[in-house]
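Trainee: When we follow the working numbering, the leftmost residue of the sequence shown carries the number 1, and every step to the right adds one.
Backbone N, C-alpha and C define an ideal beta-carbon position, used for all residues, glycine too.
Just so you know, these numbers come straight off a predicted model, no measurement behind them.
Got a structure for you, written out below as structure tokens; questions coming shortly.
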Amino acid sequence: SVHDLEDGLVTGQIDISKLNDDLEHLYQTAIRDYLPDLSEQEAKSALNSLHNLSCWPKEFDRSHRHLAQLKDLTSQLIGRFALYAERATRERYGDGNLTRYQANLIVPREVRIEVAILKSIAGYYIIGAEVSKERYARQEEVIIELVEAVSRLAPASLESFFLQQWQVAESAAAKMRVVIDQVASLTDMGAYALHEKLIGA
């Protein structure tokens, strides 16, 4: 969520000055997608708490100075969340070794709320943006077409690692799983390139 905020500010998809104006949208995004039991007052308090941090940007114009401040914000937020979780976990389990299965990570509610607000900022301004919805719809279309084409053209369409798995697959469902694994292993650029190669633009 911290890096999504950073990326959104750098790309201009998030306007730091509009967060208070859009608090209701952020709250609705947060309860729908991240923290269903969040109250409006908790959301408002969390956003105020973030605004009051000394590292929180009051404005962002993508200048070198603001980019450096943004890196500092990212670092401080991550450190802050980790420190609060560590303190809460130590309060519960003490200062001894916290070995496997001996403790659970305790994340204070105020940290969960702030993280939910940060996630909702990215969710509202980036993921929920109309241009993003169009891009996601196109990506879904490409993936569906790729799975169909790779499956239809197999085994010739399979990379060597997946070809070996396909050859030992004992059912149509197992072979389809190999096809899906290959498509899932692709980067965005790799998926578009393979789509163009197998299907055309």
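Under a three-way DSSP split, which group does Ala137 fall into?
Mentor: Correct three-state label for Ala137: helix.
Trainee: Is Gln167 helix, strand or coil when you go by DSSP?
Mentor: Three-state DSSP puts Gln167 in a helix.
Trainee: Enumerate in chain order the residues of its own chain whose CB-to-CB distance from His195 is below 6 angstroms, with the five nearest sequence positions on each side excluded.
Mentor: Val142, Leu146.
Trainee: Under three-state DSSP, which class holds Ser120?
Mentor: The answer is helix: DSSP assigns Ser120 an H, G or I state.
Trainee: Note down, in chain order, each residue of its chain lying with its Cβ closer than 6 angstroms to the Cβ of Ser1, except the 5 sequence neighbours on either side.
Mentor: Closer than 6 angstroms at Cβ, skipping near neighbours: Val115, Leu118, Lys119.
Trainee: Can you list, in chain order, the residues of its chain with a C-beta nearer than 6 angstroms to that of Gln13? Leave out the 5 residues immediately preceding and following it.
Mentor: For Gln13, where only same-chain residues beyond five positions count, the Cβ hits under 6 angstroms are Tyr125, Ile126.
Trainee: Pairs of beta-carbons, one from the region 33-53 and one from the region 147-158, closer than 8 angstroms: are there three or more?
Mentor: Result no; under three Cβ-Cβ pairs closer than 8 angstroms.
Trainee: So does the region 16-29 actually touch the region 98-111, counting three or more Cβ pairs closer than 8 angstroms?
Mentor: The answer is no - the region 98-111 does not touch the region 16-29, with fewer than three Cβ pairs under 8 angstroms.
Trainee: Residues in the same chain with beta-carbon distance under 7 angstroms from Leu163, minus the five sequence neighbours each way, listed in chain order, please.
Mentor: Within the same chain, Leu163 has close Cβ partners Pro155.
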